[in-house]
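Residue numbers (the numbering used here), protein chains in the order written: chain W, 743 to 1044; chain Z, 4 to 261.
Written out as structure tokens, the structure reads:
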């Protein structure tokens, strides 16, 4: 996804207000953008608090300001700068976090982003995009550019099966239709279920929805989703994010406030930063019950 | 620009004392230590295209009074200082007053914001100069040093950082709590023009501000916390406590009459 973002931004370099700040990351990725932007490409070094304060100053001058780093370095270290310097002033800075969830796998918990959008969405002016497919990037980046308030982009890895043609970007997309329970999955994690769910017979096959924009008060679920939830009675919210402050809690709040009748609500989430032993993203997903086998097993039990 | 008159400065000091006395709030000592420099900067140096960022947000009353002295904040507004429903809180408000762009208050933020603003002006080829006022205790924040590294590396020759070195912080003197003395020598190791002056001497500040600037400029203002008010001068209490009625009456005499 980050390669697509780089391509998008290179296409935008005609915009004289575009500035891009990296926290010293982007080796073998951002070099073309650096060359295209010249002085408007800023390596802020290993100094994330200053990076965000500088971004606030640039944005306040009217510059179209993008900030990039590994996800936890974007939101965790400089959170007070995000809150005070960006959010308090409603500055439309675009924060890009690469490797959302367990994306940096074996690099360990310091590099995992499990509470990123939950934390940032406690700030009232923030929106978050969690693109599902590589093709979403251009649309999401354009939407972020047009947004007049701060935005967080959580980038991950599109793991769709070969020959799968993704639908055009929407905040909520119905990826697979079936007669079973409803799955609402945040971001590219949804792509990991496509193959296995497609093999299930229609009557038992879950309805797979992918969610790409939060919070839900800005991107509420469509009526077709809510109708399916009421018909199926069972909904499973799935996200590579901790339980508290995440999509699951937001969805349940939405159901309650909207009077949507749900018989069974399950929430699958990233269980922990601390497993004692390290592993890949897929290994850590399995430990949290987010892998396809665990999810499909749960849908059979519902 | 016309020179700041001594009477103008005295009026500002008296109005600052009145504000704090009527509102019953503290942070007067740190406001008095930087008021002289702020007044001179705004009256004699800042152009409409320039920006000022108060990183030591707890001294915002000095900024309110300075803007009052320029007719940009009304006397009625000043009377609301720190009362319920006011725009003029104990730290700078966000998006409420034209000349106050950033809601600082947590220390260690303003220098980075100022650096970004200065860099933005360079990118946009705007003839703007950016000024940032920090405290001395604020240099214990790692983010301030991050900003210094950045501003030096980016050759921000349109940025001036004023350090109000009054020697006192919230719970002790800077030398007792976490000494950086001599601060000028520490900072001089970076690629910046560093000058140390008497922060209460207008001519010294004029000279420092009017010198040609070719790189980041840092002016360390040696100041007195609670300057010119005996009950406050160099006293830790001046960071927190408002003046009593008796102290206020005496203080008005001490700062003089225009």
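For each residue, glycine too, the CB sits at the ideal point set by N, CA and C. All figures in this text were calculated on a predicted structure; none of them were measured in a lab.
Determine the chain W residues that contact residue 49(Z) at a beta-carbon separation under 8 angstroms, and present them in chain order. Taking the second chain and counting its residues from 1, one reaches residue 49(Z) at position 46. Against chain W, a Cβ distance below 8 angstroms from residue 49(Z) picks out nothing, because the smallest value is about 17 angstroms.
Between 826(W), 969(W) and 854(W), which lies nearest to residue 868(W) when the distance is taken from Cα to Cα? Within the first chain, the letter at position 126 stands for residue 868(W). The residue with the shortest Cα to Cα distance from residue 868(W) is 826(W).
Indicate the three-state DSSP secondary structure (helix, strand or coil) for residue 135(Z) in the structure shown. The count along the second chain starts at 1 and reaches residue 135(Z) at position 132. Strand, per DSSP.
Would the segment 798 to 814 of chain W count as touching the segment 840 to 849 of chain W if we require 3 or more Cβ pairs under 8 angstroms? yes
Cβ contact (3+ pairs, closer than 8 angstroms) linking the segment 111 to 126 of chain Z and the segment 183 to 195 of chain Z: Touching, no, given that fewer than three Cβ pairs across the two stretches are closer than 8 angstroms.
Give me the chain W residues within the contact set of residue 220(Z), using Cβ-Cβ distance strictly less than 9 angstroms, ordered along the chain. Position 217 of the second chain, counted from the start, is the residue given in the question as residue 220(Z). Those within 9 angstroms of residue 220(Z) in chain W number zero; the least Cβ separation is about 17 angstroms.
Just mark residue 281(Z) as buried or exposed, buried being the case when its beta carbon has 16 or more other beta carbons within 10 Å. Absent from the structure is residue 281(Z), since the part of chain Z shown begins at 4 and ends at 261.
Given residue 750(W), which residues of its chain have a CB within under 7 angstroms of its CB, disregarding the five upstream and five downstream residues? Sequence index remark: in the first chain, residue 750(W) carries index 8 (1-based). Here the set comprises 879, 880 and 883.
Determine the direct distance from the alpha carbon of residue 763(W) to that of residue 776(W), and round the result to whole angstroms. For the purposes of this step, residue 776(W) is identified with residue 34 of the first chain, where counting begins at 1. For the purposes of this step, residue 763(W) is identified with residue 21 of the first chain, where counting begins at 1. Approximately 10 angstroms, taken between the alpha carbons.
Nonlocal neighbours in the same chain, by C-beta distance under 6 angstroms from residue 1038(W), ignoring five residues either side: Translated into the one-based positions of the first chain, residue 1038(W) becomes position 296. The answer, listed in chain order, is 938.
Whose C-alpha, out of 987(W), 941(W) and 913(W), is nearest the C-alpha of residue 1045(W)? Because chain W spans 743 through 1044 in this model, residue 1045(W) falls outside it and cannot be assessed.
Do residue 219(Z) and residue 208(Z) count as a contact pair if the criterion is CB distance below 9 angstroms? Here residue 208(Z) is taken as the residue at index 205 of the second chain, counted from 1. Here residue 219(Z) is taken as the residue at index 216 of the second chain, counted from 1. Contact: no.
Buried or exposed by the 16-neighbour rule on C-beta atoms within 10 Å, applied to residue 64(Z): As a first step, residue 64(Z) is located in the second chain; it is residue number 61 there, counting from the start. Answer is buried; the Cβ neighbour count reaches 16.
Output the distance between the C-alpha atoms of residue 165(Z) and residue 833(W), rounded to the nearest integer angstrom. Translated into the one-based positions of the second chain, residue 165(Z) becomes position 162. Translated into the one-based positions of the first chain, residue 833(W) becomes position 91. Taking the straight line joining both Cα atoms gives about 26 angstroms.
Please identify the residue among 21(Z), 154(Z), 44(Z) and 25(Z) whose C-alpha is closest to the C-alpha of residue 7(Z). Locating residue 7(Z) in the second chain gives position 4, where the first residue counts as 1. Out of 21(Z), 154(Z), 44(Z) and 25(Z), 44(Z) has the C-alpha closest to the C-alpha of residue 7(Z).
Kindly indicate which three-state DSSP category residue 871(W) falls into: helix, strand or coil? The residue labelled residue 871(W) in the question sits at position 129 within the first chain. Looking at residue 871(W) - three-state DSSP - the assignment turns out to be strand.
Ignore the nearest five residues each way along the sequence and tell me which others in residue 893(W)'s own chain have a CB closer than 6 angstroms to its CB. Along the first chain, one-based indexing puts residue 893(W) at 151. Counting only Cβ-Cβ distances below 6 angstroms, and skipping sequence neighbours, we find 836, 869 and 886.
Residue 23(Z) beta carbon less than 9 angstroms from that of residue 239(Z): As a first step, residue 239(Z) must be located in the second chain, where it is residue number 236. As a first step, residue 23(Z) must be located in the second chain, where it is residue number 20. Between residue 239(Z) and residue 23(Z), the gap from beta carbon to beta carbon reaches 9 angstroms or more.
Tell me whether the beta-carbon of residue 1007(W) lies closer than 9 angstroms to the beta-carbon of residue 976(W). Along the first chain, read from residue 1 onward, the residue named residue 1007(W) stands at position 265. Along the first chain, read from residue 1 onward, the residue named residue 976(W) stands at position 234. Yes, these two residues count as a Cβ contact at 9 angstroms.
Is there a Cβ from chain W that is less than 9 angstroms from the Cβ of residue 152(Z)? Position 149 of the second chain, counting from 1, holds the residue named residue 152(Z). Cβ-Cβ to chain W under 9 angstroms: yes for residue 152(Z).
Going along chain Z, which residues have a C-beta under 7 angstroms from residue 803(W)? Numbered from its first residue, the first chain carries residue 803(W) at position 61. Under the 7 angstroms cutoff, chain Z gives 120, 123, 124 and 127.
Measure the C-alpha to C-alpha separation of residue 781(W) and residue 980(W) and round it to an integer number of angstroms. Along the first chain, one-based indexing puts residue 781(W) at 39. Along the first chain, one-based indexing puts residue 980(W) at 238. Going by the C-alpha atoms only, they are around 42 angstroms apart.
Can you list, in chain order, the residues of its chain with a C-beta nearer than 7 angstroms to that of residue 255(Z)? Leave out the 5 residues immediately preceding and following it. Here the question's residue 255(Z) lines up with position 252 in the second chain. If we look at residue 255(Z) and ignore the five residues flanking it on each side, its Cβ neighbours are 17 and 20.
Leaving out five residues on either side along the sequence, give the residues of the same chain with a beta carbon under 7 angstroms from the beta carbon of residue 99(Z). Mapped onto the second chain, residue 99(Z) falls at position 96. Within the same chain, Cβ atoms closer than 7 angstroms to the Cβ of residue 99(Z) are found at 90, the five residues on either side in sequence being excluded.
Cutoff 7 angstroms; reference residue 783(W); Cβ partners in own chain excluding five residues on either side: The residue you call residue 783(W) lines up with position 41 of the first chain. The answer, listed in chain order, is 762, 775 and 776.
Leaving aside the five residues before and after residue 958(W) along the sequence, list all residues of the same chain whose C-beta is less than 7 angstroms from its C-beta, in chain order. Here residue 958(W) is taken as the residue at index 216 of the first chain, counted from 1. The answer, listed in chain order, is 992, 993 and 996.
Checking 9 angstroms against the spacing of the C-beta atoms, do residue 149(Z) and residue 792(W) come in under that value? Residue mapping note: residue 149(Z) aligns to position 146 of the second chain, counting from 1. Residue mapping note: residue 792(W) aligns to position 50 of the first chain, counting from 1. For residue 149(Z) and residue 792(W), yes; Cβs fall inside 9 angstroms.
Are the CB atoms of residue 177(Z) and residue 58(Z) within a distance shorter than 9 angstroms? Taking the second chain and counting its residues from 1, the one referred to as residue 58(Z) is at position 55. Taking the second chain and counting its residues from 1, the one referred to as residue 177(Z) is at position 174. Taking 9 angstroms as the Cβ cut-off, residue 58(Z) and residue 177(Z) do not qualify as a contacting pair.
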